[in-house]
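One structure is given below, encoded as structure tokens.
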DNA sequence: TGCTCATGTGGGAGCGCTCCCCACCCGGAG
DNA sequence: CTCCGGGTGGGGAGCGCTCCCACATGAGCA
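Residue numbers (the working numbering), protein chains in the order written: chain A, 1 to 331; chain B, 1 to 331.
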């Protein structure tokens, strides 16, 4: 009980394999009644082209891998980053008739499997999301002869076109806003320093403080809500007189707000708070969170565009998207 | 600049294509020094087998699709169900050298794409996670001539082997526990009734109440924390004298505990609470949550086993895994 | 010495498809 | 009536691989 082949379709329609192939691929040089006959045969037999045979000759698969090189705990968290990227990438690639294949690469073994899968020619290209410095995948994938683009600047210097948002600039704008508010002791809760976003946002904070002659007060979290709460308590112990805090992501900012409330500090009267990411929850905190928005969907679309340009042999240069300060009530 | 072929490897090693193929596929009938020569040629050329050509002849791809037919908001939520299934399925299939390809099918268009992808022979089999009654995928996939198994009983009657946990039995055990505690007015917060888990857990609740001559008090949530809080307030309005509540999942139970606290009810003294799922957070609620544990990883492993049996032409009968009542302090 | 037989190796077909190239048909022009 | 040319259709090669079968080689035994 084998699947019907193009040969069978052609025989049933009384035409050659070549003509049947033309109909399947929508070529216009086929006479209408022949086209109809072939179409009928296809429907009757339930014919579906064998993708292996097709891609053997075309050297294309029309599938794109989206490799998420993060531990599952982070991928499946409250942070909507990954779900937005996945949805948006699928949407963009559907428009050009390509299928997204999602692969999670957390452990060393899964890295190896992903690499083998891609080296085997299962996909035409790779979109990589990898935020950690120690990640071996960016360099490993760039060695394979496969078009690769990255969401976010790769942590290691490697020849991969990428799309990123302006983390440094966004952080600078946020801290400058706090300075403009007349705040004197501006602390920060930084993200993990083995992640590119964590590094860049801290750099932005430092740039502004340095220029404006403030002292920096730093605590480091790991981008989770809980770590934000812990870091905030730490900061309050370190410098009880602080009157502002720039938090490197909204999830930690939510935790920080909670710690501030427990410590009896009013926001923004006693302490102004600015977050980063503009997640959904930022609108519903008490008070609503001032934060830096970066356009995830646009960034993803730009990444897809970059990959398509790679297919077309066009030049693919890194893209940096601007961020926007969303002023609510917390600062 | 093409990828090297087996032909090239054979030529470089001074052997035939057949022998080179034997080495690549680890057959033992090759003389050691020839094996070494071929291996050296492979390494020098950086040869990787072309998967399209291979699967064209073997009729296998060694890839398995894991189709998650849920909206991304649910997949990427606090509920660790999906991340556990994905991780566990990958782990199990790695052991038999198969690659998991993850596909999200939320919209009607993505259903169509997934169907086409599978019909095109990209994968050897499909693991389906689909909880909603209206979902067209189970029947659509079962029509294709592809081995399909399901995580959870399909909502529509369809010829797909599945692995499920004993939702009805688990709910019965939970409610019987409340009855045994001497509780008289036992309410429930049910899950969405278009989902199989929501239905079954409500059935279990009704079975026990009916047998033990209690009155049923039902509110319906949608498995989110917030909906649990809302439903609990609703129940307290409906019947202020209730002294126990069975909640269809832990996330809603967390919300319910919050509402009970706000209403000034002590748990378990005034109101006993039992949840379902035994998520991580259930240990850290105040008080820790009594709940029904079902083994997600084991269920996933059983599902993988079912699929492998399908490949081996073995009989594949539905598997129902037992649940376990975890008694903590809330009931 | 001649035969068998196990062990390794090579030749070649064929998986299902696309696409190049050529043959054919028909209408219109000379 | 012949010839030409554009539009249609078919033949066939070949994508890179696996696997069946034939065959070479040398050890072991009569």
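Even for Gly, the Cβ is constructed at its ideal location relative to N, Cα and C.
Within-8 Å CB hit, residue i to chain A
i: residue 249(B); result: no
i: residue 151(B); result: no
i: residue 99(B); result: yes
i: residue 109(B); result: yes
i: residue 119(B); result: yes
i: residue 103(B); result: yes
i: residue 3(B); result: yes
i: residue 283(B); result: no
i: residue 94(B); result: yes
i: residue 254(B); result: no
i: residue 304(B); result: no
i: residue 90(B); result: yes
i: residue 122(B); result: yes
i: residue 185(B); result: no
i: residue 72(B); result: yes
i: residue 35(B); result: no
i: residue 225(B); result: no
i: residue 113(B); result: yes
Contact with chain B by residue i, beta-carbon distance below 8 Å
i: residue 82(A); result: yes
i: residue 9(A); result: no
i: residue 56(A); result: yes
i: residue 52(A); result: yes
i: residue 181(A); result: no
i: residue 142(A); result: no
i: residue 76(A); result: yes
i: residue 344(A); result: The structure shown has nothing for residue 344(A), since chain A only spans 1 to 331.
i: residue 48(A); result: yes
i: residue 145(A); result: yes
DSSP beta-bridge partners of residue i
i: residue 125(A); result: 64(A)
i: residue 55(A); result: Its beta-bridge partners do not exist; DSSP assigns none.
i: residue 189(B); result: 219(B), 247(B)
i: residue 195(A); result: 132(A)
i: residue 326(B); result: 291(B)
i: residue 148(A); result: 126(A)
i: residue 163(A); result: 151(A), 319(A)
Bounding residues of the beta strand (DSSP E) (the contiguous stretch that carries residue i)
i: residue 219(B); result: 217 to 220
i: residue 320(B); result: 319 to 321
i: residue 103(A); result: 99 to 104
i: residue 275(A); result: 272 to 277
i: residue 43(A); result: Element bounds for residue 43(A): not the beta strand (DSSP E) but the alpha helix (DSSP H), 32 to 45.
Cut-off 6 Å between Cβ atoms - residues of its own chain near residue i, not counting five sequence neighbours on either side
i: residue 103(B); result: 65, 67, 114
i: residue 219(A); result: 189, 231, 234, 235
i: residue 166(A); result: 320, 322, 323
i: residue 125(A); result: 64, 147, 307
i: residue 290(A); result: 274, 327, 328, 330, 331
Run of the alpha helix (DSSP H) containing residue i, from where it starts to where it stops
i: residue 372(A); result: Missing from the structure shown is residue 372(A); chain A here goes from 1 to 331 and no further.
i: residue 285(B); result: Neither: residue 285(B) is in no alpha helix (DSSP H) and is coded neither H nor E.
i: residue 167(B); result: 167 to 180
i: residue 20(B); result: 17 to 24
i: residue 72(B); result: 72 to 75
i: residue 85(A); result: 81 to 94
i: residue 9(B); result: 6 to 13
i: residue 214(B); result: Looking at the DSSP string, residue 214(B) is not in any alpha helix (DSSP H), and its letter there is neither H nor E.
i: residue 110(B); result: 108 to 119
CB-CB length for residue i against residue j, believed under 8 Å
i: residue 236(B); j: residue 253(B); result: Rounded, the Cβ-Cβ distance is 15 Å, inconsistent with contact.
i: residue 146(A); j: residue 118(A); result: 6 Å
i: residue 184(B); j: residue 243(B); result: 6 Å
i: residue 277(B); j: residue 250(B); result: 5 Å
i: residue 152(B); j: residue 127(B); result: Contact flag wrong, Cβ pair sits at about 11 Å.
i: residue 341(A); j: residue 55(A); result: As shown, chain A starts at 1 and ends at 331. That puts residue 341(A) outside it, with no answer to give.
i: residue 310(B); j: residue 161(B); result: 7 Å
i: residue 155(A); j: residue 133(A); result: 4 Å
i: residue 285(B); j: residue 257(B); result: 6 Å
Own chain, CB closer than 7 Å to residue i, minus 5 neighbours either side, in chain order
i: residue 20(B); result: 6, 9, 10, 13, 38
i: residue 172(A); result: 204, 207, 208
i: residue 75(B); result: 68, 82, 104
i: residue 123(B); result: 61, 63, 64, 65, 101
i: residue 16(A); result: 10
i: residue 199(A); result: 193
Contact set for residue i: own chain, Cβ-Cβ below 8 Å, skip 5 residues either direction
i: residue 140(B); result: 111, 115
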